[in-house]
Amino acid sequence: MDFKKLMMSKEYDFLRNNPRLGSRMILLGLGGSYAYGTNQESSDIDFRGVTLPLTSDLLGMTSFEQYEDAHTDTVIYSFNKIVKLLLECNPNTCEILGLEEEQYLIKTPLGQELVDNSSLFLSKRAAKSFGGYASAQLRRLQNAIARDSMPQAEWEQHILNSVHNALADFQRRYGDYEYGTMKLYVDKAVTPGMETEIFVDARQSHMPLREYQKMFVTMNNVIRDYDKIGKRNKKKDDNHLNKHAMHLIRLFMMAIDILERGQIKTHRKDDLPLLMKIREGGFMQEDGTFAGEFYEILADYENRLQEAVQKSALPDNPDMDKVEAFVESVNRRAIEC
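Shown next as structure tokens:
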């Protein structure tokens, strides 16, 4: 498919006509299945990109984080917003920096600089952002199709790991910070009908309401994920489940690449045989459950991820002095555009 020709069609006129996009975009590339190489004939087309902030965003009263066009599945992040997400090794934004050259539809010199400096944002946080997200999602998938086929002890361990991943990410961000402390943990339930539940120990002082709102949203997401565990979604058909499982294994693959090689590899050309086998139902049995071989693959990737964390040369956190210098350099030039 000629994506550059598609980009120039009328339905993508917003890319050229919106004053925040147009000549201010520094990157635009493929997203979703086409970015990973796992697309099929029915796959949706997603575009993802980065645009420079306006002078008024940096020096004045305006603000901007991202532009979304639901009709074309297009998301364009502001430069400052994507930097914040990249610092957390957010999978959806890391992918933008790991495309093959031909998968970029727009790449300006500043866009190339962002790609070239991708290593600034890589850290061991990837283990939680990629691996933790994949684990939680995959365990919900397992609950939907295989809860009766898994050994009980293994099933309970999967649930426990899923909750702990969510709590560990929260703890890293809010456990001890300038406005106080916040601790989430699992303990014996006091709520009727529950065996265990999540508790909170909190102490805040002189905390801006907007900061509290951000924390509340994060806690709400933890509870949402926690509550989904054990709930079967009967609307998901086999094709959707296979696709979901494939993308989750892919997240483990990408996390391992980041931790072992310090590289973002979005297009999974070397892994396509396995990924497409999962997507095409190669591990799903007639009763709608996954074969034991799939769980062996999952366990292998979980183990490989843990080993990668132990051996990784990446820092625990990004070097913020270098990140600040890069961001300031780009934003100075954004003002001159």
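For the sequence shown, the tail end lands on 432 under the working numbering, and the numbers increase by one without skipping. The beta carbon of each residue, even a glycine, is placed where N, CA and C say it ideally should be. Given the structure is predicted, the values throughout are model-derived calculations rather than measurements.
Can you say whether residue i is buried or exposed, counting buried as having 16 or more other CB atoms within 10 angstroms of its CB?
{"i": "Ser118", "result": "exposed"}
{"i": "Ser158", "result": "exposed"}
{"i": "Thr146", "result": "buried"}
{"i": "Cys189", "result": "buried"}
{"i": "Thr276", "result": "exposed"}
{"i": "Met349", "result": "buried"}
{"i": "Ala165", "result": "exposed"}
{"i": "Met310", "result": "buried"}
{"i": "Asn337", "result": "buried"}
{"i": "Met103", "result": "exposed"}
{"i": "Leu209", "result": "buried"}
{"i": "Thr286", "result": "exposed"}
{"i": "Glu183", "result": "buried"}
{"i": "Ala130", "result": "buried"}
{"i": "Ala394", "result": "exposed"}
{"i": "Val312", "result": "exposed"}
{"i": "Tyr396", "result": "buried"}
{"i": "Gly132", "result": "buried"}
{"i": "Gly226", "result": "buried"}
{"i": "Ala222", "result": "buried"}
{"i": "Ser424", "result": "exposed"}
Taking the alpha helix (DSSP H) that residue i falls in, what are its first and last residues?
{"i": "Val425", "result": "415-431"}
{"i": "Lys283", "result": "Unbroken run through Lys283 is the beta strand (DSSP E), 275-283; no alpha helix (DSSP H)."}
{"i": "Phe89", "result": "Any question about residue 89 goes unanswered here, given that the chain covers just 96 to 432."}
{"i": "Phe109", "result": "109-112"}
{"i": "Lys372", "result": "367-374"}
{"i": "Glu355", "result": "333-356"}
So what does residue i bridge to, in DSSP terms?
{"i": "Tyr228", "result": "In DSSP, Tyr228 forms no bridge with anything."}
{"i": "Arg298", "result": "Thr276"}
{"i": "Asp271", "result": "Thr276"}
{"i": "Phe385", "result": "Met379"}
{"i": "Ile293", "result": "Val281"}
{"i": "Gly288", "result": "Partner(s): none; Gly288 has no beta bridge."}
{"i": "Met120", "result": "Thr146"}
Since residue i is in the beta strand (DSSP E), which residue starts that stretch and which ends it?
{"i": "Gly127", "result": "Run containing Gly127: none in the beta strand (DSSP E); it sits in the alpha helix (DSSP H), 127-131."}
Please state whether the Cβ-Cβ distance between residue i and residue j is less than 8 Å.
{"i": "Ile293", "j": "Met341", "result": "no"}
{"i": "Ala403", "j": "Ile351", "result": "yes"}
{"i": "Lys176", "j": "Glu160", "result": "yes"}
{"i": "His435", "j": "Glu195", "result": "Outside the shown range of the chain, which is 96 to 432, sits residue 435, and nothing can be said about it."}
{"i": "Val317", "j": "Leu262", "result": "yes"}
{"i": "Ser218", "j": "Leu409", "result": "yes"}
{"i": "Ile121", "j": "Gly193", "result": "no"}
{"i": "Asp296", "j": "Lys278", "result": "yes"}
{"i": "Leu304", "j": "Leu200", "result": "no"}
{"i": "Asp333", "j": "Met371", "result": "no"}
{"i": "Ser174", "j": "Ala429", "result": "Inspection of the sequence shows that residue 174 is occupied by Phe rather than by Ser. Going by C-beta atoms, Phe174 is nearer than 8 Å to Ala429."}
{"i": "Val418", "j": "Leu215", "result": "yes"}
{"i": "Tyr41", "j": "Leu346", "result": "No answer is possible for residue 41: the residues shown for the chain start at 96 and end at 432."}
{"i": "Glu106", "j": "Thr167", "result": "yes"}
{"i": "Asp139", "j": "Gly127", "result": "yes"}
{"i": "Ser213", "j": "Ile359", "result": "yes"}
{"i": "Arg220", "j": "Tyr162", "result": "no"}
{"i": "Ile191", "j": "Arg268", "result": "no"}
{"i": "Leu354", "j": "Ser407", "result": "yes"}
{"i": "Leu125", "j": "Asp141", "result": "yes"}
{"i": "Val422", "j": "Val170", "result": "no"}
{"i": "Asn426", "j": "Pro148", "result": "yes"}
>> Please give me, in chain order, every unbroken run of the alpha helix (DSSP H) with length at least 4 that falls completely inside the region 137-217.
In response: 150-154, 174-182, 186-189, 204-211
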